[in-house]
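Step one of this worksheet: look at the structure below.
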Amino acid sequence: MAGLPYVSIACLVAGALLVLALAGPLTQRRWALAGMGLLSAIAAAAGARIGAGLGGPLAVYAICAFLVVTLLLTPSLELQYAQQRPESAALLLLAGAGTIIMATGGDLLQMTIGMETLSLSSALLVVLGRGEAVAEAAFKYFVLAAVSLTALIYGLGLIYFSTGSIGLPPPGSAMSLSLLAGIVLMSAGFAFELALVPLHWGALDLYSAGSPAAAGAVMALSKLGAVVALIRLVPIAGSSYLFVIGMLGLLTAIWGTLAALGQREIRRLLAYSAIAHAGFLAMAIGSGAAGASAAVFYVIAYGATAMLVFAALAGAGPDAISFAELPAKLGLQRSLALCIGLMSLAGIPPLPGFWAKLALFGSTWQALGPVPTILGVAAAVAAAVYYLYPVPDLWSTLRLPGKLRLHGNAGVLAAGAATLLLTIVPGYLWALIRP
Amino acid sequence: MTANIVVLATSAILFSTGATGVMLRRNPVAMLMCIEIMLNAGNLVLVLGSRARGNDAGQAIALIVLVIAAAEAVVGLGLALVLFHRREPVDVDEPRAVQG
Amino acid sequence: MKHEPGRLPPRRLDSAQGPVPSAPSRLLMDPLLGPIVAACVVALASALLVVLAQGAIRAVVALLAHSLSIAALYALLAAGLVAVGQLLIYSGAIVVVFLFVVALLPPGGRELHSQPRRVVTGIAVGAALLAALYTGLGPTISAQAQLLAGPAGSAVPSGLGSVAGIGHELFDADKLLVPFELTAPLLLVAIIGSVALWRRQGTP
Amino acid sequence: MSQVLAWGFLLVIPGLLLGSTGAVKRPGLASIPGVAVLLSISIAWLAGAGQPATVELDNWLPFLPDGRFLLRVDALSAFMLAVLGLVAICVYVYSLGYMEGDPGIRRFFAFLDVFVGAMALLVVAGNLAVLLIGWTGVGMTSYFLISFWREKPRTLNAGLQAIAANAVGDAALILTAVVVPSGCGDLTTLQTPSCTAGIGGAALLAALLIVAASAKSAQGPLYFWLPSAMAGPTPISALIHAATMVAAGVYLLARTQLVLSLSPIALSAVAALGVATALFGAVMALRQSNLKKGLAYSTVSQLGYMFAAIGFSAPFAAIFHLGSQAMFKALLFLSAGAVIHALGGKEELSDMGDLARHMPGVRLAFLVGACSLFGFPLTAGYFSKDAIVDAGLERFPALAWLLVIGVLLSGWYIGRLFFATFHGKASQAAGERQLHPISRLLTWPLVPLAAGSVLFGYVNFPSGWLARLLVPTTSASTSQPFITGAGVVALALGLIGFAGAGWWEQRQARSVAALPRPSWTDWAGAASVKLSTSVAAIQNGRTGRYVLATVLGLAVILVAGLKG
C-alpha cells in the first residue's frame, strides 16, 4: 500500500504528542507552542517526499502550508478556556495528519480513517472556541459527518463485497451495480467534506460559528483533502457519474452564490462563499482528467486566499461582525489584508483566485458543455458583487493611523506571502501539478 | 446461499432504518444510537463480503471499523453532553444560534 | 488492538463439505439459513425499537439487543473474532457508555414527541433511501444466488475467520497494517477530544 | 521606445508608492510625472519615432489556450495611450484642486493611479489573458471610486450596479479567453480559421466580444450603471466614466473588428444596438434634472455612435470619434465639476442658472465642449461624427439617417444643459447663494481639453494622417471629405437643436425637473436580495431538517449515480 507519506504523518502525530506532553509549560508561552507546532509542520513538509505517491508531495506541502498559517494564528485563537491552547494545537496537527491520510491513502479504508480523523478533530477544534454557537454548530457538523461516515463505510463494504478488495478499483474496470453503488456512496461521503449541496449543512454552520482561525483551517484542509480524494475516486465510476458530480457542483455554486448575495455578516458570507467554491471545485472534478489539475490548482489557490482572509479576521471576537464594524475591529493592516483576500476570492486579477477561475472553465467547457459553463461563469462573476460589498468600507480605513507591525500579524504575513507567490508565478504551481 | 441475500437485504434495511432514526429523533444521544445502527449495517456488509469472497480481509476491516465506531461514539457523546450542559431535555432543533 | 484473541472463535459448521451440489438444491440446503434469518429478524426488530422507543433508556436496551443479535449474525457468518469484538467493544463498551450518559442526563434523557409531519417525512425519506439502495443492490441480490451457488463462489474456505488468518491480514505490511496503525491518530483525537470536552465542561 | 511604451503601465507605480505611503506631502503630485512621461512617449511614438513591437513571456498562465504574457504596441494602442495620458494629466491637476481637503485624498489618488495603470495595460494587451487583467482592473477601480464617498447615500448602491454590469462583461471575456481553441487568444489573430474552429465558431466569439464591450461601454440594456456611476467624484466621471474606461468596449471591438466581420449578423446587431442606444441616451439626457446625469446619458449616446461605427465596419471612425469624445466630454465634465464645486456640491439644475456672470471662463469652456459635441463646423466632433455617418450611408443608410436625427437631440440636450446652467433665471434659493472661489487648478486643465475639442479633428483633416497611421489596425479609408450632404443636414439639425434649447430655456421660467425614474435595476437588486434571503432561510439551523436533507441528498446522489 505504497503512497502514504509516512514521515509526514509521523512528524505531525509526534508533534501533537509533544505539544500535549509539554502542555503545562506551553499553556502560558503561546509563541513557544506555535513554534513547536511549526517545527513539526515544517518537518512534515520536509519529509513529504518519502513515501508520497498519488496526490503527491504537492498535497502534503499545501496541507503543511495551511497548518503553518493556522499555527501562527494559535496565539490569537479564541478559546472558551485559555488553558486548552495546547489541545487545540494538537488537534490541528492531527487534523493535518488526517487530511494527508485522506488525500494520499493507499486504499479506501485508509482514506476513510483519514476523513474520520479530520472531521472529528474539526468538530473538536471548533467546539473548544468561545461563544454560544460553537457547541451547536459542532454537534450538527458531527452528526452529519457521522452520517457521511456511515455512507463511507457502507460504500466500503459494498466495494469489498463486489471486488473482494478495498484498493481503489482500477479505472475502466468492469462495473457491477453494487460496486458502482459503493463508489457512489463513498464519494458522497467525501463530498460531505467538500461541502457539496445537498450535503453542505454541517460544514456551513461550522465555518460560520467557529473562531476564524479554526474555521479557516477546517475549511482549507477539508476542501483540499476532499478534492484529492474525489479526484481519485470519482473517475472510476465512469463518465456519467462524472457528469452527475459536475452538475451537483453547478447546483452548489449557484446555491452558495445566491445565499451569499444577501449576507451582511462577514463570517456567514465567507461560509456561503465556501459552499460556492466547493461547487466550482466539483465542476472541475466532474470534468475528468483535464479538470482534475484545475481542481487541485483551484483548491490550493483558494486555500491560500481563504487563509489570508481568516488570518485577517482572527482575533476579531466570536460574535457576528457586520460589515460596518469591520474596519474598527480589524485596524489598518488586517483590513488591507482582508481587502486583498476578498478581492482574490472574488476573482479580481491578478490575484490567485482569478487564475484559479481561468484554469477551471476551460475544462468544464470541454467536458460539461457550454450551458453549465456559462452558468458557472455567471455564478463566479456574481460573486464579485458580494465579496466586494464590504471592500469600500475597508479601504476607508486607509485614513486610520497605523504602522506596519510584524508582531501578532505573522499569520497574515505568511498567508499574504503565499498569495503573492501565487499571484506572480501561477505557472509554477501548475507545473508542479502537471509536470 | 440464500443467506447472503437475506443478510444483504437486512443490512440495507438496517442502514435505512438507522437513517430514519437519525431523522426522527430529537434527543442527541438517541441520534447517536441510530448512527451506531447505520455503522453496524456497514460492518455487516463487510463480514458478509468476507464470507462471500472467502477472504479474511473483510473481517479484519470490520474490526478496524469497530475501532472507528468507538472513537466516533466517544466524541459524539462528549459533544452531546456539551449540548446538554445548558438545556434539558435537549431538542436538537432548538439551539439555532447559527442559521440563515 | 484492544481485544486480545485469547481463544479460538466458535468454529462454524461448514456447509461446503463434500461435493458441490447444483445451484437450486444448494439454495435450499444452506443449513444456517434458519438461524441467520432469525438473527436478522431480531436485529431488524431491535433496530426498529431503537428508532421508535420513547425514552432513551429503552432505546439503549434495544441497542444492546441489536448489538448482541449482530454479534450472533457475525458468528453465523463465519466471523467469530469479529463477533467477539462486537461483544466486547459494542455491547461491552459503547452501549454501556451510552447507558451511563443516558443515566447521567437530568430527566433520564426524556425525549420530546415528534410532530406527525416530521415522522411522515422522516419515514418517507428513509423509504427513499432504501429504494435508492435497492437500485444498487437489487440486481446483485437476484444475481447473488446464481453467482455464489456456482462451484467457485460457493466454497467457504475452512480456515475463514480464524484468528491466525485475521492476524495475517491485520499485521501484514502489504495488507491492513497501515490502516490498522492509522487508527492510532484517530484514537488520539478521540482521547484528546473527550478530555478536552470534559475540561471545557468543568470550567464556568 | 516601443518597449518602454509597452511597459508604460508600470510608470504609475512610483507615484502610487510615494503617494500612498505619504512620502510626498501633497498626494497626487508624485503621480503626475509618471503620467506625463507616458503621454510624451506615446506622442513621440505616434509622431513617427516608434515601430510596432511586442513583449512576450512564455508559459505565464499555462492553463489557458494562450497563456503568454503578451504586450503589443502599435498605432492603435499608442493612440489610446496618448488619449489616456492627456485626459489623465488634466484630471490629476484638476483633482489636486477639486479634492483638496478631502480626508480620503490619498486613497483617491491611489485608486486613480491604479486605474491609469490598469487602463494602460488594457490598451497594450496583446492577448486575451492580459486584456482580462486590465479589463477587470479598470472595472474594479471604477467601483471603488464610485463608492468613494461612502457616507453619501446610494454611493455603494451605484458602485454595486457598476460591478454587476461589469461582471456581465467580465463573464463574457473570461468565456472568450477559455473557449478558444488551444494556442488562440492573440487579439490580432482571433479571426484566423484555426481560432474560430471551436464550438460556436466566429459567431460565438463575436457575440461574447459584443456582450463584453456593451457592458463596459454601457450599451443597450447594460446602460443602467453609467448614470448611477455619477455618484463618484466629478474628476472620476470625466476620466473613467466619459473619456477612457467606458470607451474600452469600443476599443475592444475595433481591435477585433475582423472577428465581427466574419459574422454579418454580429455587425448588423452592433450597428442596431449602437443606433438604438444613441437615440435612447439622447432622449434620456433630455429628461434629466441633474447636470452630471445629463452628461452621463450624453456619454451613453455618444458611445452608441461609436458602436454604430463598428457595426458600419468603420472602426477608424469609431476610434476617431472616441478621441474627440474623450476631449469634449472630459471638458464638459470638468467644467460641470467647476460649477458644482462653486456651488458647494450641488448638482441639480434647479440649483443653477444665471452663472454666466460669475464664471465666464467655465461657461466658455462648456460652450466649446457643447459645440464640439453637437458638431459645430470645424470642431473635432464635426469631423468625427461625419466620418461615422458617411460610413453608415454606405452600409445601412436607414440607420445612418437615424443617427443624423440623433444630432438634433444632441444639440437640444446639450443646449438645455448649457442654458439651464449658465443662463436663465436663478432659482429663488439661489438668490443668496454663496459661490465658492474656484482654484486655478480647476480652470487651467480646461484649456488643453478645450483646445483638443476644437483642434483634434485636424489630426485627420485634411491630411488623413491619423487614418494612415491606424490603417494597419483598423483598415480605414484615408480620404476624409470636407463636406457631405448628410453632414450638412446633421450640422443644421444640431444648430437647430442647440438654438431651440436656448429659446425654450428663455421661455420657461425653470427647466422641467424630471423625476428620477424607478429603475429596473433597483427592482432587480431588491429581488436578488429577497431571493438570496429566502435561499439562506432554508438553512434554518434545525438539525433535524439538516439530517433529513442530507439523507435525501444521499438517496438522490445514489440514484443519479446509478441511473445516470
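Chains as they are written, first to last, in our numbering: chain A, 187 to 621; chain B, -12 to 87; chain C, 3 to 206; chain D, 659 to 1222.
No residue lacks a Cβ here, since even glycine has one placed at the ideal position from N, Cα and C.
Thinking C-alpha only, which one of D:Gly890, D:Asp1009 and D:Gly995 is nearest D:Ala1078?
Residue D:Asp1009 is the option with its Cα nearest to D:Ala1078.
Suppose you measure from the CA of B:Val9 to the CA of B:Leu(-5); what does that come to, to the nearest Å?
Cα to Cα, the separation comes out at about 21 Å.
Where do the ends of the beta strand (DSSP E) carrying D:Phe727 lie?
Residues Phe727 to Val731.
Using a C-beta cutoff of 9 Å, does C:Leu131 count as contacting chain B?
It does; some Cβ of chain B falls within 9 Å.
Closest to D:Arg1098 by C-alpha separation, out of D:Glu758, D:Ala736, D:Pro691 and D:Gly677, would be which residue?
It is D:Glu758.
Got a sec? Which residues, its chain only, sit under 8 Å from D:Ser753 by beta carbon, not counting five neighbours each side?
If we look at D:Ser753 and ignore the five residues flanking it on each side, its Cβ neighbours are Gly686, Phe766, Phe767, Leu770, Pro891 and Pro893.
Helix, strand or coil: which one does DSSP assign to D:Glu714?
The answer is strand: DSSP assigns D:Glu714 an E or B state.
I want to verify the contact list: residues of chain C whose CB lies under 8 Å from the CB of A:Glu302, in sequence order.
The contacting residues are Leu188.
Roughly how many whole angstroms lie between the Cα atoms of A:Phe328 and A:Leu390?
Cα to Cα, A:Phe328 sits roughly 12 Å from A:Leu390.
Quick one: which chain C residues come within Cβ less than 8 Å of B:Ile55?
Those within 8 Å of B:Ile55 in chain C are Thr185 and Leu188.
Check whether chain D comes within 9 Å of A:Leu618, counting only Cβ atoms and requiring the distance to be less than that.
Judged by the 9 Å Cβ criterion, A:Leu618 is not in contact with chain D.
From the DSSP output, in three-state form, read off A:Glu318 for me.
A:Glu318 falls in the coil class under three-state DSSP.
Going by the CB atoms, is the gap between B:Ala28 and B:Gly5 shorter than 9 Å?
Yes. Within cutoff.
Where does D:Ser1169 land, buried or exposed, given buried means 16+ other C-beta within 10 angstroms?
With a pLDDT of 49 at D:Ser1169, under the threshold of 50, the modelled position of that residue is not reliable, and the figure given next carries that caveat. Buried is the call here.
Would you mind sorting A:Thr559 into buried or exposed? The rule is 16 or more other CB atoms within 10 Å of its CB.
The residue in question, A:Thr559, is buried, as its Cβ has 16 or more Cβ neighbours within 10 Å.
Going by beta carbon distance, what residues of the same chain come within less than 6 Å of D:Gly797, once the five residues before and after it are set aside?
Only Asn824 meet the Cβ criterion.
Can you tell me whether DSSP reads A:Ala360 as helix, strand or coil?
Coil, per DSSP.
Note down the Cα distance separating D:Val933 from D:Met659, rounded to an integer number of angstroms.
If I take the Cα positions, the gap works out to 39 Å.
Look up A:Leu512 in the DSSP assignment and say whether it is helix, strand or coil.
Here A:Leu512 sits in helix by DSSP.
Listed from N- to C-terminal order along the chain, which residues in the stretch 40 to 61 of chain C have their beta-carbon within a distance smaller than 8 Å of any beta-carbon of chain D?
Correct list: empty, as no residue qualifies.
Alpha helix (DSSP H) containing D:Met888: first to last residue?
No alpha helix (DSSP H) holds D:Met888; DSSP gives it neither H nor E.
Along chain A, which residues have their Cβ under 7 Å away from the Cβ of B:Met18?
In chain order: Val329.
I'd like the ranges of any alpha helix (DSSP H) spanning at least 4 consecutive residues and lying wholly in the stretch 193 to 262 of chain A.
The qualifying runs are 209 to 214, 216 to 232 and 242 to 259.
Residues in the same chain with beta-carbon distance under 7 Å from D:Pro885, minus the five sequence neighbours each way, listed in chain order, please.
Result list for D:Pro885: Lys951, Ala954 and Tyr955, in chain order.
Decide if D:Gly1211 is buried, meaning its Cβ has at least 16 other Cβ atoms within 10 Å, or exposed.
Counting Cβ neighbours within 10 Å, D:Gly1211 comes out buried, since at least 16 surround it.
Here's the rule I'm using: 16 or more other beta-carbon atoms within 10 Å means buried, otherwise exposed. How should D:Val904 be labelled?
Classification for D:Val904: buried.
Kindly indicate if chain D contains any beta-carbon less than 9 Å away from that of A:Tyr427.
Judged by the 9 Å Cβ criterion, A:Tyr427 is in contact with chain D.
Just how far apart, CA to CA, sit D:Leu1066 and D:Leu1060?
Between D:Leu1066 and D:Leu1060, the C-alpha separation is close to 10 Å.
Which value, in whole angstroms, describes the spacing of the CA atoms of A:Leu444 and D:Val1193?
Distance between the alpha carbons of A:Leu444 and D:Val1193: 7 Å.
Quick one: grab the DSSP three-state call for D:Asp724.
In this structure, D:Asp724 counts as coil in the three-state DSSP scheme.
At the level of alpha carbons, what is the spacing between B:Leu19 and C:Val52?
If you take the alpha carbons of B:Leu19 and C:Val52, they lie about 11 Å apart.
Short of 7 Å Cβ to Cβ, which residues in the stretch 1190 to 1220 of chain D face chain B?
Those residues of the stretch 1190 to 1220 of chain D that come within reach of chain B (Cβ to Cβ, closer than 7 Å) are Ala1194, Ala1195, Gln1197, Asn1198, Gly1199, Arg1200, Thr1201, Gly1202, Val1205, Leu1206 and Val1209.
In this structure, how does DSSP classify D:Asn785 when only helix, strand and coil are distinguished?
If DSSP states are grouped into helix, strand and coil, D:Asn785 belongs with the strands.
Would you report the Cα separation of A:Val255 and A:Ala400, rounded to the nearest angstrom?
The straight-line gap from Cα to Cα measures roughly 11 Å.
Which residue from A:Leu512, A:Glu511, A:Gly503 and A:Phe483 puts its Cα closest to that of D:Pro720?
Minimum Cα distance to D:Pro720 is reached at A:Phe483.
Return no unless some Cβ of chain B is closer than 9 Å to the Cβ of A:Ser348.
Cβ-Cβ to chain B under 9 Å: yes for A:Ser348.
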